[in-house]
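S.K.:
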Amino acid sequence: MFILTQTWTRHRSAMVMLVPTCYEWFEEWRDEPNGKRSSDYETLKSSFVEASLSVVLKLFPQLEGKVDSVTGGSPLTNQFYLAAYQGACYGADHDLGRLHPHAIASIRAQSPIPNLYLTGQDIFVCGLMGAIHGALLCSSAILKRNVYLDLKKLGSRIQAQKKKN
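In this text, residue positions in the sequence shown follow the working numbering: the first is 4, and each later residue adds one.
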């Protein structure tokens with residue numbers, strides 16, 4: 004999560020990049036204290052950060068020489084700060100069982116507690132798109148209407164307007 008503070012300078016941007024890694028690649032350092040792991044660990048972690056920054060600069064060459072700060076974590080970082088099993092960066096397990104019709108039918112934005120709604124990636128499927136769909140499902144539950152249909156109608160109106168212009 005990235006939080007902008009009151010002192011955030013205008014005309015600056017932040018980026019979060021998730022890079023797939025395996026817990027097993029970092030597992031040998033799991034018993035070393037967070038923040039005090041060996042140079043071998045830091046070297047491996049830095050190799051991911053440098054490779055990621057290289058990709059970003061290829062995609063956005065205008066950022067060359069303008070990046071102020073880059074940091075990185077590993078599955079061990081997630082395990083320490085998020086108490087995430089083997090450093091998983093997502094919440095609920097996202098195996099094939101999660102896509103079983105019974106599981107899909109039982110996941111709802113409404114909770115048993117009145118006026119408490121659930122949203123985010125674990126209402127739908129993992130990741131950014133799952134979080135977006137989770138937000139749409141939650142919005143639909145709160146508004147008691149199908150927000151997906153609202154968006155479809157809005158898209159159709161925008162397309163029709165573009166054709167007129």
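The beta-carbon is built from N, C-alpha and C at its ideal position, and this holds for glycine as well.
As the structure is a computational prediction, the values presented were derived from the model and not from experiment.
Would the beta-carbon of lysine 39 fall within 8 Å of that of serine 77?
M.R.: Position 36 of the sequence shown, counted from the start, is the residue given in the question as residue 39. Position 74 of the sequence shown, counted from the start, is the residue given in the question as residue 77. Not closer than 8 Å, so no.
S.K.: For arginine 33, which option in Arg13, Thr80 and Ser72 has the closest C-alpha, if you only look at C-alpha atoms?
M.R.: Locating residue 33 in the sequence shown gives position 30, where the first residue counts as 1. Ranking the options by Cα distance to arginine 33, first place goes to Thr80.
S.K.: Just tell me which of Glu45, Val52, Trp28 and Arg15 has its CA closest to the CA of leucine 21.
M.R.: Residue numbering aside, residue 21 sits at position 18 when the sequence shown is read from its first letter. Per the Cα distances, Val52.
S.K.: Under the rule that 16 or more other beta-carbon atoms within 10 Å means buried, what is phenylalanine 63, buried or exposed?
M.R.: To locate residue 63, count along the sequence shown from 1; it is residue 60. Exposed, because fewer than 16 other Cβ atoms sit within 10 Å of the Cβ of phenylalanine 63.
S.K.: In terms of residues, what are the limits of the alpha helix (DSSP H) holding cysteine 141?
M.R.: Mapped onto the sequence shown, residue 141 falls at position 138. Counting along the chain, the alpha helix (DSSP H) containing cysteine 141 begins and ends at 130 to 146.
S.K.: For alanine 163, count neighbouring Cβ atoms within 10 angstroms of its own Cβ and tell me buried if that reaches 16, exposed if not.
M.R.: Reading the sequence shown from its first residue, position 160 is the one you call residue 163. Burial call: exposed.
S.K.: Could you tell me whether the region 114 to 130 touches the region 53 to 60, where touching means 3 or more Cβ pairs closer than 8 Å?
M.R.: No: fewer than three Cβ pairs fall under 8 Å.
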